[in-house]
Amino acid sequence: MKLERNRALRWAYGVTIAVMAFTGFGQMPIFKRYGISAIPGMAWAADFYVTLFIHYLGAVLLSVLLAYAIADHALVRRKIARVTAAGYVRAAILACIVGTGIFRVLKNLPDVDFSPAFTMFIDISHLGFMMAYGAAALLFWRLRARWLTEKVPVRNR
Ligand code: HEM
4 MKLERNRALR
14 WAYGVTIAVM
24 AFTGFGQMPI
34 FKRYGISAIP
44 GMAWAADFYV
54 TLFIHYLGAV
64 LLSVLLAYAI
74 ADHALVRRKI
84 ARVTAAGYVR
94 AAILACIVGT
104 GIFRVLKNLP
114 DVDFSPAFTM
124 FIDISHLGFM
134 MAYGAAALLF
144 WRLRARWLTE
154 KVPVRNR
């Protein structure tokens, strides 16, 4: 069995991350200030509830994609491929984005109350991890460092 790239999964993942980055920045909110929402067809980008809703949909999709990728790796790909150092770095940052994202969702629930300092900490962490992921993705793309690499078969001596 050869390690083949799952193109559909890669595209779905890339599009989901791009949509989440865009709708995440929409929360800050910067699209009205910088005129993005003045572009015809982009007025929705300045509506907090619209971008938040799309961010939530993205979070559901991202969770499904991650669950699939982890299960696929654990059950099938692990036999022929191993996760590279670059893969572990990306996975760790992604886990932190998802973790802080979950706390941000909790904060939005009416019955959950976090202190202002903790809310700020989670807020900055979510943004910081997102930026770190972007930087890592650029660097690893430039270095052609993939998530997975083929396992070298052990030869009989
Ligand atoms: C399971 C995954 C994720 C969840 C549950 C999640 C959830 C959230 C929530 C609830 C907010 C705050 C909305 C508010 O102000 O009430 C937020 C903000 C934001 N998210 Fe996410 N998010 C996730 C993944 C991502 C990803 C993958 C990215 C980017 C690649 C991202 C980028 C941002 C940015 C830039 C902000 C605004 C900055 C901030 O307030 O921290 N998020 N996210």
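According to the working numbering, the sequence shown is numbered sequentially starting from 4.
For glycine and all other residues, C-beta sits at the position ideal for the given N, C-alpha and C.
Limits of the alpha helix (DSSP H) - the one that residue i falls within
| i | result |
| --- | --- |
| Ala72 | 51-78 |
| Ile140 | Reading off the sequence, residue 140 comes out as Ala, not Ile. Residues 119-145. |
| Trp14 | 10-29 |
Exposure label - residue i; buried when at least 16 CB within 10 Å
| i | result |
| --- | --- |
| Arg36 | exposed |
| Arg8 | exposed |
| Phe121 | exposed |
| Met133 | buried |
| Arg147 | exposed |
| Ile100 | buried |
| Ala11 | exposed |
| Met23 | buried |
Beta-bridge pairing of residue i - partner residues as DSSP gives them
| i | result |
| --- | --- |
| Leu151 | Val86 |
Top-ranked residue by Cα proximity to residue i, from the options
| i | options | result |
| --- | --- | --- |
| Gly61 | Ile127, Ile20, Ala11 | Ile20 |
| Ile127 | Trp144, Ala41, Arg107 | Arg107 |
| Tyr52 | Gly38, Ala41, Met31 | Met31 |
| Ile125 | Ala84, Arg149, Thr103 | Thr103 |
Between the segment 70-88 and the segment 126-140, do at least 3 Cβ pairs fall closer than 8 Å?
-> No: fewer than three Cβ pairs fall under 8 Å.
At least 3 beta-carbon pairs within less than 8 Å: the segment 54-69 vs the segment 112-121 | The segment 54-69 and the segment 112-121 do not touch, with fewer than 3 CB-CB distances between them shorter than 8 Å.
Do the segment 49-59 and the segment 84-96 touch if we need at least three Cβ pairs shorter than 8 Å?
-> No: the two stretches stay apart, fewer than three of their Cβ pairs being nearer than 8 Å.
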